[in-house]
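Note that numbering that gives the first Met the number 0 has the sequence shown beginning at 0, numbered continuously upward.
All residues carry an ideal CB built from backbone N, CA and C; glycine is no exception.
Some notes on the structure that comes next.
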Amino acid sequence: MKRRVLGFSGRFRDRPLVYIHNDEEGEPLVDGSSLGIVLAGAGEGEIKEDLLGIIVPEVPEIGPGDFLRFSDGVILKQRHETGTKGSFCVVSKGFLSVSSLFCPWTALGVGILTVSDKGSRGERRDTSGPALEKSVPSIGGFPAKTGIVPDEAERISEMIREWIASGLDIILVTGGTGISPRDVTPEAVRSLGGKEIPGIGEYMRWKTSFDNERSILSRSVAVACSGTIVVTLPGSERGAVQCFNSIAPVLRHAVEIVTGRSGDCAGSHR
0 MKRRVLGFSG RFRDRPLVYI HNDEEGEPLV DGSSLGIVLA GAGEGEIKED
50 LLGIIVPEVP EIGPGDFLRF SDGVILKQRH ETGTKGSFCV VSKGFLSVSS
100 LFCPWTALGV GILTVSDKGS RGERRDTSGP ALEKSVPSIG GFPAKTGIVP
150 DEAERISEMI REWIASGLDI ILVTGGTGIS PRDVTPEAVR SLGGKEIPGI
200 GEYMRWKTSF DNERSILSRS VAVACSGTIV VTLPGSERGA VQCFNSIAPV
250 LRHAVEIVTG RSGDCAGSHR
């Protein structure tokens, strides 16, 4: 259910918008000032001066690690520990305006599996996996599991099956999607069964081809299997992040469909 921002507290009371961002240590800033961020229901009383109160009609029930997504593009994450720094940290910065719509996002558990012969032997540093770890909060996700396996279909499918059984919402598999003899990730994912989602691979190839025409050689696939969305991505850091960003707006909705969830503002994640 979408809700609307009614205003702000304290010295920001008369402002139509504020700029929410982070300092170098990742702590929240509001128009350049170090302030904690809290949600407050209309009429709840005064809020401390060292906090920015985002005034809303009714404070939604969200747990530690869950997210708030605002229509301006700002994303906040509920801290596991509250206190002088407020209740939220900033995941995606931007201007937050009065009348902005927002909805709570239940945190999604995301597995990030890197497929690489050299990476699995410690001969190459994995950069794609860590880059995806930094990207998943943009969809209200957190890296619940990470791993590296060689380009072997059985090892890939075995790991994915274990992760699906653990209840992950999304599994991102980076690497092994090309056309070389060792590239077997699509075959490993298809062996899981489930329902293939051809539009995801098709869209990633189309979207990224404007920047790099070689992306049409990718064989990336996606499947919905036992309540988990599994998506294969290119092995390069740049390609993996670009492809993930291209489909990010639909991934939460896909999870909601396969899990039957209905409380996370389905279909409105842009």
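Open item on the list: I need the straight-line Cα distance from W205 to I215, nearest angstrom please.
Closed with: 7 Å
- [ ] Note down, in chain order, each residue of its chain lying with its Cβ closer than 7 Å to the Cβ of T184, except the 5 sequence neighbours on either side.
- [x] V114, I155, V172, G174, G175, T176, T231
- [ ] Only counting runs of 3 or more residues, tell me where the beta strand (DSSP E) segments fall wholly within the segment 26-103, in order along the chain.
- [x] 27-29, 35-40, 50-55, 66-69, 74-77, 87-91, 93-96
Task: Residues that T184 bridges to, as DSSP identifies them - done: According to DSSP, which records beta bridges pairwise, T184 is partnered with nothing at all.
- [ ] Identify, in the order they occur along the chain, each residue of the same chain with its Cβ nearer than 6 Å to the Cβ of E57, setting aside the five sequence neighbours on each side.
- [x] G40
Task: Cut-off 7 Å between Cβ atoms - residues of its own chain near V257, not counting five sequence neighbours on either side - done: A223, G226, I228
- [ ] Kindly give me the distance between the Cβ atoms of E245 and Y202, rounded to whole angstroms, as I take these residues to be in contact under 8 Å.
- [x] In the sequence as displayed, the identity of residue 245 is Ser instead of Glu. Correct: roughly 6 Å between the Cβ atoms.
Task: Status (buried if at least 16 other CB within 10 Å, exposed otherwise) for R120 - done: exposed
Open item on the list: I'd like to know whether the C-beta of V89 is nearer than 8 Å to at least one C-beta of chain B.
Closed with: Included in the structure is just one protein chain, with no chain B present.
- [ ] With a 10 Å radius around its C-beta and 16 neighbouring C-beta atoms as the bar for buried, classify G259 as buried or exposed.
- [x] exposed
Task: Straight-line gap, G266 to R251 (C-alpha atoms, nearest Å) - done: With a pLDDT of only 48 at G266, under the threshold of 50, the placement of this residue in the model should not be trusted, and no figure is reported.
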